[in-house]
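Oh and the sequence shown: position 110 is 111 in this note's numbering, straight run, nothing missing. Ideal placement from N, C-alpha and C gives every residue a C-beta, glycine not left out.
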Amino acid sequence: MFTGLVEEVGTVGGRQDTGGTGVLRIDATTVTEELRVGDSVAVAGVCLTVTGHDARGFTADVVPETLARTTLGRLASGTRVNLERAVQAGGRLGGHIVQGHVDGVATVAARAPGARWDDVDLDLPGPLARYVAEKGSVAVEGVSLTVALVDGARFGVSLIPSTLAATTLDSLAVGDPVNVEVDVVAKYVERLVTA
2 MFTGLVEEVG TVGGRQDTGG TGVLRIDATT VTEELRVGDS VAVAGVCLTV TGHDARGFTA
62 DVVPETLART TLGRLASGTR VNLERAVQAG GRLGGHIVQG HVDGVATVAA RAPGARWDDV
122 DLDLPGPLAR YVAEKGSVAV EGVSLTVALV DGARFGVSLI PSTLAATTLD SLAVGDPVNV
182 EVDVVAKYVE RLVTA
């Protein structure tokens with residue numbers, strides 16, 4: 002489980018593709034502290050299992066399902082990615098409950114710079130829109146955000162200065178694809194109500 006509070010922006014060091022799967026190398030320093038093989042790290046919002054590490058980064062296997070549902074298959078060497086280690090039991094949950102199980106890829110529809118923040122609108126795949134509520138939570142590229150507005154399959158968020166400074170969301174442009182994880186609580190409520 003994650004909180005959606007990014008610890009570090011790392012860089013894709015490389016990717017090896019083999020028969021539909023891949024091994025992703027992420028260059029990072031902060032998240033490698035106390036990292037062990039088998040630990041979970043959210044990479045651009047995607048929960049990956051560490052298969053190897055050193056002081057300069059780590060590797061993780063990426064299966065076909067992950068490549069199909071996320072933006073990880075499009076990452077090139079040198080791409081910046083948000084990183085977060087799994088929350089420790091008893092740790093603070095400062096964002097919201099984020100599983101690192103990306104529900105789909107949204108597209109940046111609009112971006113408007115503000116005096117100290119940026120407003121960003123995103124278009125979701127239709128079936129996911131029902132899980133996004135105004136003032137609810139959503140994870141975009143692994144970053145916990147509050148939904149500012151909802152209009153059909155489009156939702157908007159405001160990016161405050163600290164988010165712009167500490168994540169990759171500062172470089173989002175219209176047309177960019179982004180990993181989105183909707184609120185897991187909404188999915189469970191729907192499941193219970195329709196059962």
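Residue from Gly-143, Ala-154, Gly-46, Ser-145 with nearest C-alpha to Tyr-132: As a position in the sequence shown, residue 132 is number 131, starting the count at 1. Checked all of Gly-143, Ala-154, Gly-46, Ser-145; the closest Cα to Tyr-132 is Ala-154.
Strand pairing of Ser-41, partner residues [DSSP]: By one-based count along the sequence shown, residue 41 stands at place 40. DSSP lists Thr-50 as partners of Ser-41.
Which listed residue (Leu-76, Ile-98, Arg-112) has its alpha carbon closest to that of Glu-1: Here the chain covers residues 2 to 196 and nothing more, so residue 1 does not appear.
Contact set for Leu-165: own chain, Cβ-Cβ below 8 angstroms, skip 5 residues either direction: Here the question's residue 165 lines up with position 164 in the sequence shown. Around Leu-165: Trp-118, Asp-119, Asp-171.
Beta bridge counterpart(s) of Pro-114 as assigned by DSSP: Stepping through the sequence shown from its first residue, residue 114 is reached at position 113. In the DSSP output, where bridge partners are listed per residue, Pro-114 has Asp-119.
Selection from Gln-100, Gly-95, Pro-162 that minimises the alpha carbon distance to Pro-114: Along the sequence shown, read from residue 1 onward, the residue named residue 114 stands at position 113. Closest option to Pro-114, Cα to Cα, is Pro-162.
Backbone secondary structure at Ser-78 - three-state DSSP: One-based indexing of the sequence shown puts residue 78 at position 77. Looking at Ser-78 - three-state DSSP - the assignment turns out to be coil, as it is neither helix nor strand.
CA-to-CA distance, Gly-39 to Asp-18, given in whole angstroms: Residue 18 sits at position 17 when you count from the first residue of the sequence shown. Residue 39 sits at position 38 when you count from the first residue of the sequence shown. Distance between the alpha carbons of Asp-18 and Gly-39 is about 21 angstroms.
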